[in-house]
Each structure stands twice: as structure tokens, then as C-alpha cells.
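J.:
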Amino acid sequence: MKKNILFIVVVLVSVTTTILVSKSFRVTQIPNGPKFSCANCHVDPFGGGPRNAFGQSVENGFLNNQGQVIWNSSLAAMDSDGDGASNGTELQDASGSWRIGNNNPGNLSLVTNPGDPTSKPNPTSVAEENFPTNYKLLSNYPNPFNPTTTIAFEIPQAENVLLAVYNINGELIRTLANKNYSAGSHNEVWNGKDDFGNNVSSGIYIYRIKAGQFDKSARMVLLK
Ligand SMILES: [Ca+2]
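Residue numbering for the sequence shown follows the working numbering, starting at 18 and increasing by one per position.
(1) Could you tell me if LEU240 is buried or exposed, where buried requires 16 or more neighbouring beta carbons within 10 angstroms of its beta carbon?
(2) Distance, Cα to Cα, LYS227 vs LEU189?
(3) If I measure Cβ to Cβ from ASP61 and keep anything under 8 Å in the same chain, skipping five residues before and after, which residues do I get?
(4) By DSSP, does GLU188 sit in helix, in strand, or in coil?
(5) Count the other CB atoms within 10 Å of the CB of ASN151; is the residue buried (16 or more) or exposed (fewer)?
(6) Buried or exposed, going by whether 16 or more other CB atoms sit within 10 Å of the CB of GLY201?
(7) Buried or exposed for PRO51, please, with buried defined as at least 16 other CB atoms from any protein chain shown within 10 angstroms of its CB.
(8) Look up GLY118 in the DSSP assignment and say whether it is helix, strand or coil.
(9) Residues in the same chain with beta-carbon distance under 7 Å from SER39, minus the five sequence neighbours each way, listed in chain order, please.
(10) Given this structure, state the Cα-to-Cα distance separating GLU107 from ASN204, to the nearest angstrom.
(11) ASN130: beta carbon under 8 Å from a heavy atom of ligand 1?
(12) Compute the Euclidean distance between the alpha carbons of GLU176 and PHE170, then round it to the nearest angstrom.
(13) By Cβ distance below 8 Å, which residues in the same chain neighbour GLN160 in space, the five residues on each side in sequence not counted?
(14) Whole angstroms is fine: what's the gap from SER142's alpha carbon to GLY187's?
(15) Return the CA-CA distance between GLY113 and THR129, expressed in angstroms with no decimal places.
(16) Rounded to the nearest angstrom, how far is the Cβ of ILE117 from that of THR45, given a contact under 8 Å?
(17) Mapping DSSP to helix, strand and coil, what is LEU240?
(18) Does DSSP put THR150 in a helix, in a strand, or in coil?
(19) Residue range of the alpha helix (DSSP H) that ASN216 falls in?
(20) Three-state secondary structure (DSSP) at THR33?
(21) Alpha carbon to alpha carbon, how far is ILE223 from GLU76?
(22) With which residues is LYS210 paired in a DSSP beta bridge?
(23) Kindly indicate the opening and closing residues of the beta strand (DSSP E) around ALA169.
(24) Assuming LEU92 contacts ASN104 under a Cβ cut-off of 8 Å, what Cβ separation, rounded to an integer in Å, is found between them?
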């Protein structure tokens, strides 16, 4: 009887330890992750439990086969918690170029929580940040995709941005955005539907951005 209880305790302890380790190792897989630790991704600051908005974004497409966080320009360009600052801006790596094992970028005191809308850069720290000096259309992520993909771009000044999806024959399929954006990194999600709300078929599609004189397009593959 005692043996059985001991066995159960050992199992419980090892299971708990595994869960904690499997959660906490991700803290080192985002820039400046240790500052907010588990609270980057979870509502409960000690980890486990429901994910916050940033944790959802990671879970929804930025984990590789080994369960490691894929920190890249697309995840950096998203504003998961909707507080007006991109995840990259909050974690002091606006371009998403930091990689696992690198030193933490930027200024730790300016790092805010990408999963908590009440934690955000104050206007002064944003003003001091380096906004992109060039226009950039980033690779959509994921690609190939089914049915949604995120298209990120950077603009050095506030202006109107037209972002649209065309089929391989150059016919307009969907206007994703045609509005004014502030200077910085932004992203839009395409859900694989045309302007009439119909699902489009598998194939190669072109996404094109026009902002001022900047006009660039790239290919993506919808694979059902
Ligand atoms: Ca935030």
C-alpha cells in the first residue's frame, strides 16, 4: 500500500515537473522572454492555464515540430493583444530578426508584455524607437497555407496602403486593405476567400502592396 502511494507521488511529481519545464523552456525562445516569463503567453503569471492573446498567436502557427517558438518577422509584426504596439515593438525586436541563443535585443526597461493590452510602450519610448527607413513586403506566413496566412509589411511614414490578392492570371481576387497606416510594421490576414466571401481553390496567388511609389508583389501557395 505504501509502495503504491509512493509510486503515485513520484508519477505526479514527475508529470508536474515535465509540464512546468515544457512551458518554461519557451521563455528563452522569444526576445526578452525572461522579463515577463510565463506571463508572456499565459494569463496566470506562473504559467499553465489559459493562454493570453500572444500565447494564442504562438499556438496558432508559430511553433515548429519540436514545439519551439518560431520568432520571425511575421510574429513580430502582429499586434496580438491589440494595444497598438506590434509584438516585436513590445519585445524590443521590431523586425523579428532575433534568433534563439542570441543576446536579448534592445532596452530591457522598455520591454512590455505582448500578451497584455495594459502593458504597452509609452508614447515617448515609441517615439525613440527606430521606425523602418524603407518599405518592405515580407514573406507571407505560413506558406503554403490553408486556409489563412499572414502578410506583413513595413512603411517608413504614415500613408495609404493598398494590399490585394490576385490570381495567377492577374485578376483581382481580394482587396485586403486600402486605408491609411501609421509608420511601422503592420500585417493583414488573408482567409482564402475572395471579395464575395467565397472560398478560392488551391493554387498560386499573388499578393501586392502599393504604398506611395512602392509597388511590390510576391507569390504564395494555397494548398488544400
Ligand atoms: Ca501589450
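Quick reminder that beta carbons are idealized off the backbone N, C-alpha and C, glycines included.
T.: In brief:
(1) The residue labelled residue 240 in the question sits at position 223 within the sequence shown. Counting of Cβ neighbours within 10 angstroms places LEU240 among the exposed residues, the total staying below 16.
(2) As a position in the sequence shown, residue 227 is number 210, starting the count at 1. As a position in the sequence shown, residue 189 is number 172, starting the count at 1. Those two C-alpha atoms are separated by around 14 Å.
(3) Against the sequence shown, residue 61 aligns to sequence position 44. Within the same chain, ASP61 has close Cβ partners CYS55, PRO67.
(4) Taking the first residue of the sequence shown as position 1, residue 188 is located at position 171. Under the three-state reduction of DSSP output, GLU188 falls in the coil class, being neither helix nor strand.
(5) Here residue 151 corresponds to residue number 134 of the sequence shown, with the count starting at 1. So ASN151 ends up on the exposed side.
(6) On the sequence shown, position 184 is the one that residue 201 refers to. Buried is the call here.
(7) Counted from its first residue, the sequence shown places residue 51 at position 34. Looking at its Cβ environment, which holds fewer than 16 other Cβ atoms inside 10 Å, PRO51 is exposed.
(8) To locate residue 118, count along the sequence shown from 1; it is residue 101. Of the three classes helix, strand and coil, the one that applies to GLY118 here is coil, per DSSP.
(9) Taking the first residue of the sequence shown as position 1, residue 39 is located at position 22. Low local confidence applies: a pLDDT of 49 at SER39 is under 50, so the model's placement there is unreliable, with the coordinate-based value given in what follows. If the five residues before and after SER39 are omitted, its C-beta is found closer than 7 Å to no C-beta atom of its own chain.
(10) As a position in the sequence shown, residue 107 is number 90, starting the count at 1. As a position in the sequence shown, residue 204 is number 187, starting the count at 1. Cα to Cα, GLU107 sits roughly 16 Å from ASN204.
(11) Locating residue 130 in the sequence shown gives position 113, counting from the first residue. Placement of the Cβ of ASN130 at a distance of less than 8 Å from at least one heavy atom of ligand 1 is found.
(12) Residue mapping note: residue 176 aligns to position 159 of the sequence shown, counting from 1. Residue mapping note: residue 170 aligns to position 153 of the sequence shown, counting from 1. A direct Cα-Cα distance of roughly 13 Å separates GLU176 from PHE170.
(13) Reading the sequence shown from its first residue, position 143 is the one you call residue 160. Strictly speaking, residue 160 in this sequence is Asn, with Gln absent from that position. Cβ neighbours of ASN160 beyond the five flanking positions: THR166, MET237, VAL238.
(14) Residue 142 sits at position 125 when you count from the first residue of the sequence shown. Residue 187 sits at position 170 when you count from the first residue of the sequence shown. Model confidence at SER142 stands at a pLDDT of 49, short of 50, so the residue's coordinates are unreliable; what they give is reported in the following sentence. Annotation: SER142 to GLY187 spans about 42 Å, alpha carbon to alpha carbon.
(15) Locating residue 113 in the sequence shown gives position 96, counting from the first residue. Locating residue 129 in the sequence shown gives position 112, counting from the first residue. One alpha carbon belongs to GLY113, the other to THR129, and they sit about 15 Å apart.
(16) As a working note, residue 117 is residue 100 in the sequence shown. As a working note, residue 45 is residue 28 in the sequence shown. Indeed, because the Cβ distance is near 7 Å, the residues count as touching under 8 Å.
(17) Within the sequence shown, the letter at position 223 stands for residue 240. In the displayed model, LEU240 falls within coil according to three-state DSSP, outside both helix and strand.
(18) Taking the first residue of the sequence shown as position 1, residue 150 is located at position 133. Under the three-state reduction of DSSP output, THR150 falls in the coil class, being neither helix nor strand.
(19) In the sequence shown, residue 216 corresponds to position 199, counting from 1. ASN216 -> no alpha helix (DSSP H), and no H or E assigned at all.
(20) Translated into positions along the sequence shown, residue 33 becomes position 16. Note that THR33 has pLDDT 49, beneath the 50 cutoff, so the model's placement of it is unreliable and no number is given.
(21) For the purposes of this step, residue 223 is taken as residue 206 along the sequence shown, with counting starting at 1. For the purposes of this step, residue 76 is taken as residue 59 along the sequence shown, with counting starting at 1. Going by the C-alpha atoms only, they are around 27 Å apart.
(22) Looking up residue 210 in the sequence shown gives position 193. By DSSP's assignment, LYS210 forms a beta bridge with ASN216.
(23) Position 152 of the sequence shown, counted from the start, is the residue given in the question as residue 169. First-last of the beta strand (DSSP E) with ALA169: 166 to 172.
(24) Position 75 of the sequence shown, counting from 1, holds the residue named residue 92. Position 87 of the sequence shown, counting from 1, holds the residue named residue 104. The distance from the Cβ of LEU92 to that of ASN104 is about 6 Å, consistent with a contact at the 8 Å cut-off.
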